[in-house]
Every structure is written in structure tokens, then in C-alpha cells.
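Residue numbers (UniProt numbering): 1 to 218.
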């Protein structure tokens, strides 16, 4: 694993050992958020951890039904997911949130809400490049947006504000799924144990990449 592919800029204070945590995966559409979240959830369940995955598309179908993709609606969507995630984490669940959350202010408000309740939240930025994500185009959205068939596509005509200080950056274009899963498991373990000790040898913090745009329907 290279330094640029996975870096941990900082960590947060540990709370109770039985306390849950929200692990929020933010990044461009097709960066690998849901794939990674499901793989991590499977491994944590295998280890006996209570886990829930709050997938953005599924939440939109139920909790956020009726919301569109304006900035205000996206912020409301993120706020609702953040509220549910914190409630679950406060009661001992490890909550994986593979949701774009393109705007820094909305992410910061979710983090503050967690802090107000003494609940741990870890933000992971999947820094996978636009070119790699557009090449994957899992849902065909990049192709539609570039042809002008859909609008407000994060990463194309709607901005993605790169997190300036995530707890971890992962480039899934350079790391295998197994490497990415291992890095996230180390992050969770390190948050409970002292993150510096869990960082892979040779990893260093690096300045944030330029702001790019992001935007699958989540």
C-alpha cells in the first residue's frame, strides 16, 4: 500500500469500548463506496460486530423520498442519514455510510451532531480520480451527464467539495478491494486504540487533492 493511496491525516478521541461508530465514506460516484462498505460490513459481522449499512439510494427510497438533487435537498438528505447513523452508533452499532455528501458544510454539521452526543464519527474520503470513476460508470450516469441527458451530476455539472481533513483517504483506483478493506478495519481499530499505532508503515498525511465534482443519486 503506497503513502498516496491511503493516508490518515488525523484521528479522534476514543470513547467507550462498547460504543458504536459512524464510518462515512464520501467520494465521487463510482468511487467504490458501496462495494467497500458492504465488504467491510461482512468482515465486521464475521468478527461479531453489530453493523448496519445506510446506502444512499436505499435511504432516498424511504427516508428521503420526494427529495431532489438541489443543494438544499442534498443537504437535507445528508442530515437525515447523519441523524439515523448517530442514533444507531450511540447504541453500539458500527454504521457504514457510503454516501457522496458532496458539500463540506453538510458533512461538518453531521460531525458536530455526533460530537454533541459523544458519538464517534470517522470520515473517509475515497479520492479515486474522476477519470477512473467515469471509466467505471457503474450506473451509466457519467455517460448520460456528459451527453446532457441528466443534470446536477456530482463531478460533472455539480461540485464535489473535497474533505480537507478526513480521517483517511483511500484511492480505490490504486488499491485492491482487500487493501482498502484492511485500511478501513485498521482505522476503526486505531480509533479505539490510538490511530498512530494502526497506521501502515510509510503512510503519511498529504495535502488534499483539488476539489473535483461528484454526484451519483445518493
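Backbone N, C-alpha and C define an ideal beta-carbon position, used for all residues, glycine too.
- Restricted to the UniProt domain "APS kinase" (19-171), the alpha helix (DSSP H) segments that are unbroken, complete and at least 4 residues in length are 33-46, 56-61, 71-90, 104-116, 130-136 and 141-146, listed in chain order.
- Residue 171 is classed as buried because its beta carbon has at least 16 other beta carbons within 10 Å across all chains shown.
- Here the C-alpha atom of residue 139 lies approximately 19 angstroms from the C-alpha atom of residue 54.
- Shown here, residue 185 sits in a helix according to DSSP, grouped into three states.
- Put simply, of 122, 162 and 191 the residue whose alpha carbon is nearest the alpha carbon of residue 104 is 162.
- Secondary structure at residue 176: coil, using DSSP grouped into helix, strand and coil.
- Between residue 160 and residue 84, the alpha-carbon positions lie close to 23 angstroms from each other.
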